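Q: Okay, handing you the structure first.
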Amino acid sequence: MGEPMVEFVREPGPGPKRYLRGFGGDVSNAAIAAARQGAEVAFFTALGNDEFGRDILDLWADEGVDASAVLLREDASTAIYFVDPHAEERRFTYFRAGSAASRVTAADVPEAAVRAAAVLHLSAISQAIGTGPAEAGFHAMRIARAAGTLVSYDTNLRLKLWSLDTARATTEAALRLADIALPSLDDARILTGLDDADAIVDAHLALGPGIVVLKCGADGAVIAAGGERRRIPAAPARPVDSTGAGDAFGGAFLARFIETGDPFAAGHYAAAVAAATVSGFGAVEPIPRRAEVEAMLGAAPTELDAAAPT
């Protein structure tokens, strides 16, 4: 559950600015990544009953993502954003204030769907967009915990949406309800005040998740589970746009973990998905499908060896 968005990516080159339309939103990116790896995926959010909202519904239909629980609102719009990946630092401009997703409340949560799921995945952004969505996220997590549904939480940090103090308090409370934590190193350094990757993993484990997957970008990932800790190297890539790569990693990790129960092999698989994602422009278009990933890895993922313990 979270907020999907329509994306406009600036094309390179001189002259008038031109943008390619695509799709984004961290949890939607993760959902599509999981679906492309063969997982059965459903999404809950609210969309404006507008062209952008209908485009997102069409996208999910094409990707095999079940949108039957999605609410359509006449009184609010679907969020959009613009990104310039060619700037020295990627520049994002968001138009999401008052969006349909930001008006979701706990009463809107599809409780039966949460109880029936293997994993509920959401992020800090899912909660940062409003007090209603924050409460809805906690409500969904509590339902999931009571039903035996695993809770996966990405601490994706956007300080334009809320203060650091509020972000810290909310993500800490969410992580206490999570089974799987999917932080990124840069965000985690800000949220925890720690610098060392292993110390950050320890801090997340102390809050309760049994599996911590610390995404470290070009340095791969550190995964802790079942008393083991392993460093997962990044897969070879020729990066052109890192938008959505961490989301794709998370979605692919969850899909593979649900299938195999092996978090370390799932990390290797997800690293290949992230490498392919940064090799193209946009958050969704370059996410590879399962056959492409297996071809990249040179073996079926069930045959992959997990990284050695550290």
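Under our numbering, the first residue of the sequence shown carries the number 1, and numbering increases by one thereafter.
We treat Cβ as the ideally placed atom computed from N, Cα and C, and that holds for glycine.
None of the values given here were measured: they were computed from a predicted structure.
State the CB to CB distance for the pair Thr78 and Ala100, rounded to an integer number of angstroms; the pair is presumed to be in contact (CB under 8 Å).
A: Correct: roughly 6 Å between the Cβ atoms.
Q: Skipping 5 residues on each side, what residues in its chain have a beta carbon closer than 6 Å to that of Ala144?
A: Val114, Leu120, Val151
Q: Could you give the distance in angstroms between the alpha-carbon of Leu207 and the alpha-carbon of Thr171?
A: Each residue's CA atom was taken as its position, placing Leu207 and Thr171 some 10 Å apart.
Q: Quick check on DSSP: helix, strand or coil for Val278?
A: coil
Q: Report the residue from Ala147, Val9, Thr192 whose alpha carbon sits nearest the alpha carbon of Ala167.
A: Thr192
Q: Relative to the alpha-carbon of Leu185, which residue among Pro263, Phe253, Asp50, Val212 has its alpha-carbon at the smallest distance?
A: Val212
Q: Please go through the same chain and pick out, in chain order, the residues whose beta-carbon is closer than 6 Å to the beta-carbon of Ala274, but skip the five residues on each side of it.
A: Ala245, Ala248, Phe249
Q: Please classify Ser126 as buried or exposed, where buried requires at least 16 other C-beta atoms within 10 Å of its C-beta.
A: buried
Q: Looking at the strands, I want to know which residues DSSP matches up with Glu228.
A: Ala225
Q: Could you tell me if Tyr19 is buried or exposed, where buried requires 16 or more neighbouring beta carbons within 10 angstroms of its beta carbon?
A: exposed
Q: Apart from the five residues just before and just after Val27, which ones in its own chain have a Cβ nearer than 7 Å to its Cβ?
A: Met1, Gly2, His121, Leu122, Ser123, Ser126
Q: For a test of the three-state rule: what should DSSP assign to Arg54, helix, strand or coil?
A: helix
Q: DSSP on His121, reduced to helix/strand/coil?
A: strand
Q: For Asp219, collect the residues of the same chain with a Cβ closer than 7 Å to its Cβ; drop the 5 residues on either side in sequence, then sort them by chain order.
A: Ala234
Q: Just to confirm, are Asp241 and Pro85 a CB contact at a threshold of 7 Å?
A: yes
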